[in-house]
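J.: Numbered per our numbering, the first sequence spans residues 5 to 578.
Beta carbons are placed, not taken as given, at the ideal position from N, Cα and C, and that holds for glycine.
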Amino acid sequence: MFNKLIADIFNEIAALLSIDENASQFEVRAYQKAALTIGTLQEPIEDIYAKGGKEALQKLPGIGSTLADRIIEYIKTGKIEKYEELKKKYPIDIKALTSIEGMGAKKAITLYKKLGVKNIEDLKKAISRHEISKLPGFGEKSESLIEKGIELIEQSKGRMLLGDALPIAERIVEELKKSGLVTNAVIAGSTRRMRETVGDLDILALSNRQEEVMDFFTRLSDVSNIIAKGPTKTTVWLKIGMSCDLRVIEPESFSAALQYFTGSKEHNIEVRKIAIKNGYKLNEYGLFKGNARVKVKSEAEIYEKLGMQYIPPEMREDRGEIKLAMEHKIPKLIELGDLKGDLHTHTKESDGANTLEEMAEAAKAKGLSYIAVTNHTKSLKVSNGMDEKGFEEFFKRIDKFNEKEDSFKVLKGAEVDILQDGSLDLSRKLIEEMDVVIAAIHSHLSMDEEEMTMRIEKALDTGLVDIFAHPTGRLILERDPYKVNMESLFESAERNNVVMEINSFPNRLDLSDTNILLASNYKINFAINTDAHRTSHFEFLRYGIGTARRGWLTKDRVINTLDLKRLEKLLEIT
DNA sequence: GCCGTTTTCGGCCCGACTGTTTTCAGTCG
């Protein structure tokens, strides 16, 4: 898969071109836009080329004849001549240097020309000799800022899980509201769009006491230091290792600001182009016709004035949602309240932390009317997997539990391990007795694609599987997906009527948003499950819902939006 | 270097903050 490699090279070319006198800023932007396209592609770019040639590449947004040639050059030779030439001209580690907060390509090249700084190590040496502060255009403050920037990079891990970031953003918003200094505070940015990882937090506040709000904000206990502080925008570094922006907004600008700061950047660029086409100007302060502000009470009204339907934040990624909005075909996305049950949970009997009764209580408190308890099977020793006898005894306890319940039911199930050879880790007889059979891969993850695809398909072809859990096995920021041909997987699921799981665990979110979009083209249904191992994990459902919405999913494609009766009919539970 | 319900040429999103400057370039989102 060359996508990330090529995207990185294009970004580096853009950075190097931005300091090159022969290049225009628009050429720079062209490389950046192409890098973004390639970096967020769902399919390996070499496959796109193999299937459709240069023409297929040129169909990608921001990629024309020249850039298509450069991509082909990389696929064929592993090199891009233009990049090699630029590197010769400017032999510096531009990627590392510009990753320092406050350091762009121009500063990096000045440091190279004046001090011979090629990488972060050189930069550290220059700082220790206090050479930077003596350069024209730089000063004492620049030097210490760069030093701080290097420190921040070395201690930060880059992006962070939505499941870690969202609660902190919510806490900051709550504290701002409690301060009495703001009339409203909301989360914007990628956190509002429910992206699976978040690079920084964006918060908007409504207030006419700007200075006081900023003072309050910079003194919050989550804050470690201040990066920039102004009356309308302040940036701080949080103790958890990410930055957080606070913008204080005037009431008449609030809707426009929320739209603007929610992003994505790519979505906004397209929306602003449409505004211009319609004789408007859209920025963070409002929608303008000439110099006159057009009164809008909500984000929805902004989209409406531009001839579009309201676009939910989770869809704002410039993946075709703007066209849909123009045609008024935005689907009614699934919501948290649509879920009636959870079909993937664990108890103490395998590797969960709580009892059957405790899990049921917690699910009820979340407004659910059924759960399936799906403990691990015997081969998964590390998770205390259960054997046939263990399940039989446990199922008797579930029967007893259900006798006492009238408006809630626990379904009998298992998360059956798919063994290395594709066979299932429990007897056929027991599996057939179960209400909900989840199959999953937990071991031998490094098979090649063909082998892994066959292994999974063999399991699905038994006809015994209801749901395929966390279908790619990835752990976000930790482990890549195992290699599997997604198209054949979805075809096999369609053939065998197997439901694809959207696992809501914050470090799984598997299927991902892009895989959901891909899977939606097949006649398959989905289940949004928590994989809860303790009562507090039911909280994770909102991340699964967020991911499903990012995959444009509607309620009718998700089986655990069905009430118990309909679900039992669908899964043929007697 | 890309792109077209104004265009195959001439546009390309736009404003805040900072540091080092005396009016602005660089960086960021």
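Taking K233 as part of the beta strand (DSSP E), name the residues at either end of that continuous run.
T.: 227-233
J.: Which whole-angstrom value is the C-beta distance of I334 and E325, which I expect to be below 8 angstroms?
T.: 7 angstroms
J.: State the Cα-Cα distance for the pair E495 and T81, rounded to the nearest angstrom.
T.: 34 angstroms
J.: Taking C-beta to C-beta, are I471 and V420 nearer than 8 angstroms?
T.: no
J.: Are N15 and P48 touching if we call contact CB-CB under 8 angstroms?
T.: no
J.: With a Cβ-Cβ cutoff of 8 angstroms, do R251 and T236 count as a contact?
T.: yes
J.: Is the beta carbon of T565 less than 8 angstroms from the beta carbon of K336?
T.: no
J.: Tell me the DSSP secondary structure of T195 in three-state form.
T.: helix
J.: Which residues share a DSSP beta bridge with K416?
T.: V377
J.: Which runs of the alpha helix (DSSP H) spanning at least 4 residues fall entirely within the stretch 384-449, listed in chain order?
T.: 392-407, 432-437
J.: List the whole-angstrom C-beta distance separating I84 from I13, where the pair is believed to meet the contact cut-off of C-beta under 8 angstroms.
T.: Their Cβ separation, rounded to whole angstroms, is 6 angstroms, which keeps I84 and I13 in contact under 8 angstroms.
J.: Following the continuous alpha helix (DSSP H) through M218, name the residue where it begins and the one where it ends.
T.: 214-222
J.: Between L513 and T551, is the Cβ-Cβ spacing less than 8 angstroms?
T.: yes
J.: Classify K3 as buried or exposed, calling it buried when 16 or more other Cβ atoms lie within 10 Å of its own Cβ.
T.: This structure cannot settle anything about residue 3, because the visible part of the chain is limited to 5 through 578.
J.: Run through DSSP, which three-state label would M504 get?
T.: strand
J.: Using alpha carbons as the reference points, say which of K37, K93, L9, G66 lies closest to N26.
T.: K93
J.: According to DSSP, is N489 part of a helix, a strand, or is it coil?
T.: coil
J.: Between which two residues does the alpha helix (DSSP H) harbouring V177 extend?
T.: From DSSP, the alpha helix (DSSP H) with V177 extends over 166-182.
J.: Quick check: the Cα distance between A60 and C248, rounded to an integer number of angstroms?
T.: Going from the Cα of A60 to the Cα of C248 covers about 39 angstroms.
J.: Kindly indicate the opening and closing residues of the beta strand (DSSP E) around G57.
T.: Counting along the chain, G57 falls outside any beta strand (DSSP E), though it belongs to the alpha helix (DSSP H) covering 49-63.
J.: Hey, F542 and K344 are a contact pair by Cβ (cut 8 angstroms); roughly how many whole angstroms apart?
T.: That belief does not hold up - the Cβ atoms of F542 and K344 are roughly 13 angstroms apart, past 8 angstroms.
J.: For F142, which three-state DSSP category applies?
T.: coil
J.: Scan the stretch 300-386 and note each continuous beta strand (DSSP E) run of 3 residues or more that stays entirely inside, going in chain order.
T.: 345-349, 374-380
J.: Go to T266, then tell me how far its alpha helix (DSSP H) extends in each direction, as first and last residue.
T.: 258-266 is the span of the alpha helix (DSSP H), which, as asked, contains T266.
J.: When you compare only the Cα positions, how much space is there between I506 and R459?
T.: 21 angstroms
J.: Mark M319 as exposed unless 16 or more other C-beta atoms lie within 10 angstroms of its C-beta, in which case mark it buried.
T.: buried
J.: Note the first and the last residue of the continuous alpha helix (DSSP H) segment covering V32.
T.: 29-43
J.: Under 8 angstroms by Cβ, that's how I've got L115 and I154 pegged, so tell me the actual separation to the nearest angstrom.
T.: The Cβ separation is near 13 angstroms, so there is no contact.
J.: Do H348 and D535 count as a contact pair if the criterion is CB distance below 8 angstroms?
T.: Cβ distance < 8 angstroms, so D535 and H348 count as in contact.
J.: Helix or strand or just coil, what does DSSP make of G203?
T.: In the three-state reduction of the DSSP assignment, G203 falls in the coil class.
J.: Do you know offhand how far G555's Cα is from G548's?
T.: 11 angstroms
J.: Between G193, S225, S257, which has its C-alpha nearest L210's C-alpha?
T.: S257
J.: Within the same chain, show all residues whose beta-carbon is closer than 8 angstroms to that of E147, passing over the 5 residues directly before and after it, in chain order.
T.: I131, H134, I136, S137
J.: In whole angstroms, what is the alpha-carbon distance linking S259 and L156?
T.: If you take the alpha carbons of S259 and L156, they lie about 33 angstroms apart.
J.: Is the Cβ-Cβ distance between G389 and S431 less than 8 angstroms?
T.: no
J.: Throw me the rounded Cβ distance for the A473 and I442 pair, which I believe falls under 8 angstroms.
T.: Yes, they are in contact, since the Cβ atoms of A473 and I442 sit about 5 angstroms apart, within 8 angstroms.
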